[in-house]
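Asks: Just passing along the structure, written as structure tokens.
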Amino acid sequence: MADADRYSEARARELEQQAISLASKNERLAQALDTARQRLVQLQDQLDAVSRPPGSYGTFLTGHMEDREADVFVGGRKMRVAVSAAVPLGALRAGQEVRLNEQLLVIGAGSYETTGEIVTVKEVLDGDRVLVLARTDDERVMRLAGPLLTTHVRVGDALTADMRTGFVIERVVRSEVEELLLEEVPDTDYSDIGGLGPQIEQIRDTVELPFLHPDLYREHGLKPPKGVLLYGPPGCGKTLIAKAVATSLATTATQRREDRGGHADAASPRSYFLNIKGPELLNKFVGETERQIRVIFARAREKAVKGIPVVIFFDEMESLFRTRGTGVSSDVETTIVPQLLSEIDGVEKLENVIVIGASNREDMIDPAILRPGRLDVKIKIERPDAEGAREIFAKYLTADLPLHDAELARHDGDPDATVRAMIESVVAALYATEPRNEFLEVTYADGDREVLYFKDFASGAMIANIVDRAKKRAIKDLLASGGRGLRTAHLLGALAAEMRENEDLPNTTNPDDWARVSGKKGERITYIRTLGTDRDDLADTGVAVPVQGPAAGAGAEAGPRAGAGDGAAPAAPTTVGGRHGPDRVDGREVDNVTPAGGYL
């Protein structure tokens, strides 16, 4: 009995081991079978991939929800195909790419084409079509793709186009065009301009009254002016006035909306100032400048439709619109000038748009532009007189600047009185008709001579530069010696430095042209002689040291001559900038004559 039990136990253990071994084999077989099944699936996928026919792409045109069909442009043909249930037909947009299988079933949605030909919008026809100009000036009507349907497309915009499908897809920002259309809200006010009170009053009467009281103008049958020409010497405030006009018009427009019960949105632009840099419009391609002028006025009309005043400012106007027939190497003005004329008084009216031109050579502008009905008002921006210079100095030299203790002590610590006294000192020095301020001697065609002083060439830009120089001198003194604050000596020293730097600038090669640019009009000038003076002591003693030398420059051969070299000592010893080498000054020889007209 005991032997039987032992046998049974041994047999049971043996069977248990066999069962464990069989289970392990079964598990390995199952894993091998699973691996084989996966491999079979991979092979099937690879077989399907190599045997699958190629798919195709098309451009979605429009969908038909009731039949789950779509009009698609495929391979140069317009076709109506079925759409897979897995593709959301309502989400597809015109111009979007779609994938099709061999049965031409739409099975997927793609993106939009990212490349194409650049075209220019000539006219917006309706909600989804535009008339464009292609590369060869061919006109084509094209449809707007999905991204452009929610974008405000304007005349003159550059778009990428797929010529095969007839879609324009994307707007391209062309920097060479957009830089000319600086749509900005100017922040310059009339109060920021000094020394031009009469001119400001004249331009306000011309520009703002029609906009502020349009009913009165209509009642009297009076049309507002279309344009204003600001002319005068460089640096006298023509651009500032143009910006101030835009700001003032914006303020007037806001007040009118509020008076009518409307809401003036502070976030929205109140006015637009299109600052057109004249020479940048010039282009070597025929017709390109004219096209950009059309784009500028189209953009202005678009903005002005909303009742927002728009100022188109042409700086350096003579560079674009010079008198026809005066071109030396080209005749571009023969087409550019008529383009501007047609924009100003053509079939399309300019409502709420004012054209302002600025020039320091108004004699070069085509007369057709300057006639009444185009640039109706001509305002001369004169050089500032002494009173105007005080006003301009007061804009840049204010009581909140750091002033030297010695200056404040002279006026009992009153900064306002100190600033006024400093301004009086520098204005008196600038406008003094003394030998130290003599700048040029000009000879006219009839032989008459005239001495011009630095005050005859003063400008707002020069005054601003004098104040900036004085501030830099004050900073250098603070760093060098610890003396803090502006002093009168800084201003006078800055004035002397400004005078020295301008001594070599007159153009003696063509004195009459230089005089016209500088604002010196009248009888023709045939000869210019620079009157140099040592101005280093202007800030300290106020006494000038005369320096003399032989005249040089244009007209030196045939025009009047003065100085050593003609055998007689001149009555008013002077020198001409640019002269180097030995010279005679006050009866003695000087070897180092500086180009600025002084001597070392």
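Numbered by UniProt numbering, the letters in the sequence shown go through residues 1 to 600 in order.
Glycine is no exception: its CB is placed at the ideal position from the N, C-alpha and C atoms.
Nothing here was measured: the structure is a model prediction, and the numbers come from that model.
In the DSSP assignment, find the unbroken alpha helix (DSSP H) run with E302 in it and report its ends.
Replies: Residue numbering aside, residue 302 sits at position 302 when the sequence shown is read from its first letter. Taken as a continuous stretch (DSSP letters only), the alpha helix (DSSP H) holding E302 covers 288 to 304.
Asks: For the putative contact between D315 and I369, defined by C-beta atoms under 8 Å, what is the C-beta separation to the nearest angstrom?
Replies: On the sequence shown, position 315 is the one that residue 315 refers to. On the sequence shown, position 369 is the one that residue 369 refers to. About 15 Å; that fails the 8 Å criterion.
Asks: Near A494, which residues of its chain fall below 7 Å by C-beta distance, leaving aside the five closest residues on each side in sequence?
Replies: Along the sequence shown, one-based indexing puts residue 494 at 494. Only I466, R469, A470, R473 meet the Cβ criterion.
Asks: Among R143, G116, R301, whose alpha-carbon lies nearest the alpha-carbon of G127?
Replies: Residue 127 sits at position 127 when you count from the first residue of the sequence shown. It is R143.
Asks: Pull up the distance between the alpha-carbon of I312 and that of Y190, whole angstroms please.
Replies: Reading the sequence shown from its first residue, position 312 is the one you call residue 312. Reading the sequence shown from its first residue, position 190 is the one you call residue 190. Between the alpha carbons of I312 and Y190 lies a gap of roughly 18 Å.
Asks: Could you check what DSSP says for S56 in three-state terms: helix, strand or coil?
Replies: If you number the sequence shown from 1, residue 56 lands on position 56. DSSP places S56 in strand when its eight states are reduced to three.
Asks: Hey, could you find the ends of the alpha helix (DSSP H) L486 is sitting in?
Replies: In the sequence shown, the residue the question calls residue 486 occupies position 486. No alpha helix (DSSP H) holds L486; DSSP gives it neither H nor E.
Asks: Between the alpha carbons of T574 and F454, how many angstroms are there, rounded?
Replies: One-based indexing of the sequence shown puts residue 574 at position 574. One-based indexing of the sequence shown puts residue 454 at position 454. Any reading at T574 is ruled out, since the residue's pLDDT is 35, under 50, leaving its predicted position unreliable.
Asks: Sort out for me which residues DSSP pairs D71 with in a bridge.
Replies: For this step, residue 71 is matched to residue 71 along the sequence shown. DSSP, once it has assigned bridges, lists T62, R80 as partnering D71.
Asks: Quick one: what's T160 bridged to in DSSP?
Replies: Numbered from its first residue, the sequence shown carries residue 160 at position 160. Bridge partners of T160: I118, E170.
Asks: Suppose you measure from the CA of K226 to the CA of E280; what does that come to, to the nearest Å?
Replies: Looking up residue 226 in the sequence shown gives position 226. Looking up residue 280 in the sequence shown gives position 280. Distance between the alpha carbons of K226 and E280: 23 Å.
Asks: Quick check on the burial criterion: 16 or more other C-beta atoms within 10 angstroms. Buried or exposed for M462?
Replies: Counting from one through the sequence shown, the residue named residue 462 turns up at place 462. Looking at its Cβ environment, which holds 16 or more other Cβ atoms inside 10 Å, M462 is buried.
Asks: Would you tell me roughly how many angstroms separate the C-alpha atoms of P198 and E139, rounded to the nearest one?
Replies: If you number the sequence shown from 1, residue 198 lands on position 198. If you number the sequence shown from 1, residue 139 lands on position 139. The alpha-carbon atoms of P198 and E139 are separated by roughly 51 Å.
Asks: For L89 versus G63, is the C-beta distance shorter than 8 Å?
Replies: Here the question's residue 89 lines up with position 89 in the sequence shown. Here the question's residue 63 lines up with position 63 in the sequence shown. Yes, the Cβ-Cβ distance between L89 and G63 is below 8 Å.
Asks: For the beta strand (DSSP E) that A273 lies in, which residues bound it at each end?
Replies: Within the sequence shown, numbered from 1, the residue matching residue 273 stands at position 273. A small fix is needed here, since residue 273 is Phe in this sequence, not Ala. Per DSSP, the unbroken beta strand (DSSP E) holding F273 starts and ends at 272 to 277.
Asks: L430: buried (16+ other C-beta within 10 angstroms of its C-beta) or exposed?
Replies: Mapped onto the sequence shown, residue 430 falls at position 430. L430 should be labelled buried.
Asks: Taking DSSP's pairing of strands, which residues face residue 603 in a bridge?
Replies: Shown here, the chain extends from 1 to 600; a query on residue 603 therefore has no answer.
Asks: Between D366 and the rest of its own chain, which residues show a CB-CB distance below 8 Å, the 5 nearest in sequence each way excluded?
Replies: Counting from 1 along the sequence shown, the entry for residue 366 is found at position 366. F321, R322, T323, R324, E333, V337.
Asks: Going by DSSP in three states, Y431 sits in which element: helix, strand or coil?
Replies: For this step, residue 431 is matched to residue 431 along the sequence shown. Correct three-state label for Y431: coil.
Asks: With three or more C-beta pairs closer than 8 Å as the rule, is the segment 226 to 239 touching the segment 195 to 215?
Replies: The segment 195 to 215, when compared against the segment 226 to 239, does touch it at the 8 Å Cβ threshold.
Asks: Identify the continuous alpha helix (DSSP H) that holds V155 and give its terminal residues.
Replies: For this step, residue 155 is matched to residue 155 along the sequence shown. Element bounds for V155: n/a, residue is neither H nor E.
Asks: Indicate whether T252 and E290 have their beta-carbon atoms separated by less than 8 Å.
Replies: If you number the sequence shown from 1, residue 252 lands on position 252. If you number the sequence shown from 1, residue 290 lands on position 290. For T252 and E290, no; Cβs fall outside 8 Å.
Asks: Can you tell me which of L105, L100, A109 puts its alpha carbon nearest to the alpha carbon of A91?
Replies: Indexing the sequence shown from 1 puts residue 91 at position 91. Per the Cα distances, A109.
Asks: Which residues in the same chain as R11 place their Cβ atom closer than 7 Å to its Cβ, once the five residues preceding and following it in sequence are excluded?
Replies: Translated into positions along the sequence shown, residue 11 becomes position 11. So the list is empty, once near-sequence residues are dropped.
Asks: For the pair the segment 395 to 411 and the segment 478 to 495, tell me if three or more CB-CB distances fall below 8 Å.
Replies: yes
Asks: Rounded to whole angstroms, what's the CA-CA distance from E387 to I381? Just pull it up for me.
Replies: To locate residue 387, count along the sequence shown from 1; it is residue 387. To locate residue 381, count along the sequence shown from 1; it is residue 381. Each residue's alpha carbon lies about 15 Å from the other.
Asks: Within the same chain, show all residues whose beta-carbon is closer than 7 Å to that of M163, passing over the 5 residues directly before and after it, in chain order.
Replies: In the sequence shown, residue 163 corresponds to position 163, counting from 1. Cβ within range, chain order: E117.
Asks: Using a Cβ-Cβ cut-off of 8 Å, state whether F439 counts as contacting chain D.
Replies: The structure shown contains no chain D, having only a single protein chain.
Asks: Assuming E391 and G195 are in contact, meaning their beta carbons sit under 8 Å apart, how far apart are those beta carbons, in whole angstroms?
Replies: The residue labelled residue 391 in the question sits at position 391 within the sequence shown. The residue labelled residue 195 in the question sits at position 195 within the sequence shown. Between G195 and E391 the Cβ distance is about 5 Å, and since that is below 8 Å, they are a contact.
Asks: Helix, strand or coil for T530, going by three-state DSSP, please let me know.
Replies: What you label residue 530 is simply residue 530 of the sequence shown in a count that begins at 1. Of the three classes helix, strand and coil, the one that applies to T530 here is strand, per DSSP.
Asks: Following the continuous beta strand (DSSP E) through E139, name the residue where it begins and the one where it ends.
Replies: For the purposes of this step, residue 139 is taken as residue 139 along the sequence shown, with counting starting at 1. Its beta strand (DSSP E) spans residues 139 to 144.
Asks: What is the DSSP secondary structure of E16, reduced to helix, strand or coil?
Replies: If you number the sequence shown from 1, residue 16 lands on position 16. Here E16 sits in helix by DSSP.
Asks: Rounding to the nearest angstrom, what Cα-Cα distance links V294 and K476 in this structure?
Replies: What you label residue 294 is simply residue 294 of the sequence shown in a count that begins at 1. What you label residue 476 is simply residue 476 of the sequence shown in a count that begins at 1. Here the sequence assigns Arg to residue 294, which means Val is not the residue at that position. Their Cα atoms are separated by approximately 51 Å.
Asks: Cutting at 7 Å between CB atoms, please list the residues of its own chain near V83, excluding the five before and the five after it.
Replies: Within the sequence shown, numbered from 1, the residue matching residue 83 stands at position 83. Excluding five sequence positions before and after V83, the CB atoms of its chain that fall closer than 7 Å to its own CB belong to R68, E69, A70, L89, V106, given in chain order.
Asks: Whole angstroms are fine: how far does the CA of G75 sit from the CA of S248?
Replies: Here residue 248 refers to the residue found at position 248 when the sequence shown is read from its first residue. Here residue 75 refers to the residue found at position 75 when the sequence shown is read from its first residue. One C-alpha to the other measures close to 58 Å.
Asks: Classify Y272: buried if its beta carbon has 16 or more other beta carbons within 10 angstroms, exposed otherwise.
Replies: As a first step, residue 272 is located in the sequence shown; it is residue number 272 there, counting from the start. The Cβ neighbour count for Y272, taken over all protein chains shown within 10 Å, is at least 16; the residue is labelled buried.
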